[in-house]
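Quick note on numbering: the sequence shown equals residues 915 to 1359 in this note's numbering.
From the three backbone atoms N, C-alpha and C, an ideal C-beta is built for every residue, glycine too.
What you are looking at is a predicted structure, and each value in this text was computed from that prediction instead of being measured.
Structure, as structure tokens:
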Amino acid sequence: MALTGLDIFKLLPKTNCKKCGMPTCLAFAMQLAQKRAELTSCPDVSEEAKQTLAAAAAPPVRQVKFGTGDSKVQMGQETVLFRHEEKFYDPTILAATASDQLQGDDLIQRIKAINGLQFDRVGTHVAVNALAIVNDTGSPESFATAVAAACENSKLALILIADSPQAIGAALGKCADKVPLIASASADTVEAMAKLAKENKCPLVVKAETLDGLVELTEKAKGAGVEDIVLSLEGTSLKEQLYGGSSIRKLALKKSFRALGYPIFSLASGKTDDERISAGAALICKYSSVVVVDSINPAVFLPLLTTVMNVYCDPQKPVQVESKLYAIGEPDETSPVIFTTNFSLTYYTVESDVEASRVPTHILVVDTEGTSVLTAYSGDKLNEKAVADTINKLDVEKQVSHRKLIIPGYVAVMSGKLEEATGWEVMVGPRESSMLPKYLQEVWS
Ligand code: SF4
């Protein structure tokens, strides 16, 4: 929990010497509490105060990373329980599984299928971020062989899922340089697993059925020198996992309970793909930082990646597209010009309707700070000046020979002022984007 100005004041020398540039220690403490000053500005602060203040400033949920280079992923470091309070920072890492029961080409085909779980959605490229190799055989040798195949055939961050320290040790012999996430240490294996994690500088998942069990394990792992810990409530129902996830986050954020101030690891299990999707989406919403799904079906991962996108976007910043002149089909200088706003949902709706018309078209996207047409108009972010400035900035007049601009029917009221500001003839298009194909085919043509 953040310290108040008075809490900080109690830790300062209270000599009012002014060396920090503040008239009093209390004034300096108030500035520190508001993060407007650095503790280093006080040369006389004690070591004990430094440590207390540093501990209080540490994030309530520790950031943990695994993987290397471009495949490195990170989780944790969240500061709020609810997205609308600020935003969530590190999106949930989605992993797909490959069992070490698979061998040869079957294993390689599965790994390649996981590599291919990538999609373009509303202008953003999204993909599965990790590959989880599962020690279903129980054999350290088979596990190490499967992990070696994963290293050869995938650049994704690795998760090693095995109960036995021997299997994890054998796998680390093949991939320790890739900094995999080790999953998972139980009460019986925590000492051996923590030793492997520490020696190989890898983060470690600890698993238990209760919060008390997790606290015990995190303290043991920490005592063994492992700082990067991830929590897993395994062997419990989905309901208990969701309830436990909420409790962990609340205790970490609201009570500064350091023993549970770590990211959460979950398995989205289910007998069918629909069950896996439901479980995965619920776990993403309730604070799981890593969700492992036993599937390679793109129809499972697209909705889960969409959930991650939605939960982890900044609620104060609508998803936007770049303000520019987009070519749909192969438009030429005689093709129509339609304008819309840079709210991505609006743009992609218009884009798909224009595509459906099969009339090559220029779409002029006006920057309205990511708001839709009516919202932008009522907030004066969409007006004749904004449209005219965009036409000039993007040199639209050099790209078409005509001077006709199709505008959304909802802002027909702009027509007169827009014609004056641009010198273009305004054509009022349909109110609903879905009517654009008919409009372009019948009215424009
Ligand atoms: Fe107080 Fe330190 Fe500032 Fe001096 S430098 S006034 S001791 S906070």
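Proximal residues to residue i (C-beta, below 7 Å), its chain only, five neighbours per side dropped
i, result
"Asp1187", "Ser1209, Asn1211, Ala1213, Val1214"
"Leu1104", "Strictly speaking, residue 1104 in this sequence is Val, with Leu absent from that position. Cβ within range, chain order: Val1120, Leu1131, Lys1134, Ala1135."
"Ala1138", "Glu1105, Ala1108, Lys1109, Lys1112"
"Thr982", "Lys1092, Val1093"
"Ser985", "Lys1069, Leu1070, Ala1071"
"Arg1317", "Gly1337, Trp1338, Glu1339"
"Thr1275", "Ile1242, Gly1243, Pro1245, Ser1249, Pro1250, Ile1252, Val1268, Leu1354"
"Ile1191", "Val1214, Pro1217, Leu1218"
"Gly1087", "Ala1058"
Whether residue i touches residue j by CB criterion (8 Å)
i, j, result
"Leu940", "Leu953", "no"
"Tyr1201", "Thr1132", "no"
"Ser904", "Val1129", "Here the chain covers residues 915 to 1359 and nothing more, so residue 904 does not appear."
"Phe1362", "Val1204", "What the structure shows of the chain is the stretch from 915 to 1359, and residue 1362 is not part of that stretch, so it cannot be assessed."
"Val1310", "Val1251", "yes"
"Val1061", "Ala1085", "yes"
"Val1043", "Ile1007", "A small correction: the amino acid at residue 1043 is Asn; Val does not occupy that position in the sequence shown. Yes."
"Val1140", "Lys1164", "no"
"Gly1218", "Ala1241", "Just to set this straight, residue 1218 is Leu in the shown sequence, not Gly. Not in contact: Leu1218 and Ala1241 (Cβ atoms no closer than 8 Å)."
"Glu1247", "Ser1315", "yes"
"Gln991", "Asp1004", "yes"
"Pro1117", "Ile1082", "no"
"Ser955", "Cys934", "yes"
"Leu1197", "Gln1155", "yes"
"Gly1343", "Ile1321", "yes"
"Val1279", "Phe1002", "no"
"Asp1281", "Asn1256", "yes"
"Gln988", "Gln977", "yes"
"Thr1150", "Gly1158", "yes"
Of the listed residues the options, nearest to residue i (C-alpha basis)
i, options, result
"Val1340", "Leu1219, Gly1323, Lys1312", "Gly1323"
"Leu1259", "Gly1284, Tyr1240, Gly1243", "Gly1284"
"Val1327", "Ala1071, Val1264, Ser1292", "Ser1292"
"Ala1182", "Gly1137, Ala1193, Val1225", "Ala1193"
"Tyr1262", "Tyr1157, Thr1248, Ile1277", "Ile1277"
"Ala1010", "Thr1051, Phe1033, Leu1167, Leu1072", "Leu1072"
"Ala1300", "Val994, Cys956, Ser985, Phe1253", "Phe1253"
"Ala1090", "Lys1168, Lys1115, Cys1227", "Lys1115"
"Ala1127", "Ser1100, Lys1153, Leu1152", "Ala is not the amino acid found at residue 1127; the sequence shown has Gly there. The shortest C-alpha separation from Gly1127 is found at Ser1100."
"Ala1076", "Leu1070, Ile1096, Val978", "Ile1096"
"Ala972", "Phe1171, Thr929, Glu1333, Gly1149", "Phe1171"
"Lys1331", "Lys1307, Asn1306, Ala1302, Arg1345", "Ala1302"
"Phe980", "Leu1074, Leu1021, Leu1308, Arg1272", "Leu1074"
"Arg1272", "Glu1356, Asp1019, Ala943", "Glu1356"
"Glu1189", "Glu1346, Leu1152, Cys931", "Leu1152"
Own chain residues within Cβ distance below 8 Å of residue i, not counting five before or after
i, result
"Ile1025", "Ala1012, Leu1045, Ala1063, Ala1064, Asn1067, Ser1068"
"Val1325", "Val1287, Leu1288, Tyr1291, Leu1296"
"Ala1041", "Leu1031, Gln1032, Phe1033, Leu1219"
"Glu1148", "Ser1098, Lys1121, Ala1122, Glu1123, Leu1181"
"Glu1333", "Glu1339, Val1340"
Same chain only: Cβ atoms within 6 Å of residue i, ignoring 5 sequence neighbours per side
i, result
"Ala1166", "Pro974, Val975, Leu1174, Gly1175"
"Pro927", "Asp958"
"Arg997", "Pro1229"
"Lys924", "none"
"Val994", "Glu1000"
"Thr1304", "Val1280"
> Which full runs of the alpha helix (DSSP H) of 4+ residues lie inside the region 977–1051, going along the chain?
Replying inline: Fully enclosed alpha helix (DSSP H) runs of 4 or longer: 1018–1029.
> Where in the region 1302–1342 do unbroken runs of the alpha helix (DSSP H), each at least 4 residues long, occur, reported from the N-terminal end onward?
Replying inline: Those alpha helix (DSSP H) runs which fall completely within the region 1302–1342 and span 4+ residues are 1310–1313, 1329–1336.
>> Across the region 1050–1061 and the region 1012–1024, are there enough close Cβ pairs to call them in contact, namely three or more that are closer than 8 Å?
In response: The region 1050–1061 is in contact with the region 1012–1024.
> Quick one: any contact between the region 1025–1043 and the region 1223–1242, if contact means 3 or more CB pairs under 8 Å?
Replying inline: The region 1025–1043, when compared against the region 1223–1242, does touch it at the 8 Å Cβ threshold.
>> Could you check whether the region 916–923 touches the region 944–963, counting it as contact only if at least three pairs of C-beta atoms, one from each stretch, sit closer than 8 Å?
In response: Between the region 916–923 and the region 944–963 there are three or more inter-stretch CB-CB distances shorter than 8 Å, so the stretches are counted as touching.
> Hey, which unbroken runs of the beta strand (DSSP E) at 3 residues or more fall wholly within the region 1065–1096?
Replying inline: Segments of the beta strand (DSSP E) lying fully in the region 1065–1096: 1071–1075.
>> Counting beta carbon pairs with one atom in the region 1265–1276 and one in the region 1345–1354, are three or more of them shorter than 8 Å?
In response: A contact is defined here as three or more CB-CB pairs under 8 Å, and the region 1345–1354 meets this definition with respect to the region 1265–1276.
> Considering only residues of the region 1257–1289, which uninterrupted alpha helix (DSSP H) runs meet the minimum length of 4 residues and lie entirely inside it, listed in chain order?
Replying inline: Listed in chain order, they are 1258–1271.
> Which residue spans inside the region 1225–1255 form an unbroken beta strand (DSSP E) run of at least 3?
Replying inline: Runs of the beta strand (DSSP E) inside the region 1225–1255: 1239–1242, 1251–1255.
> Which runs of the beta strand (DSSP E) spanning at least 3 residues fall entirely within the region 1120–1153, listed in chain order?
Replying inline: Counting only runs that start and end inside the region 1120–1153, the beta strand (DSSP E) elements of at least 3 residues fall at 1143–1147.
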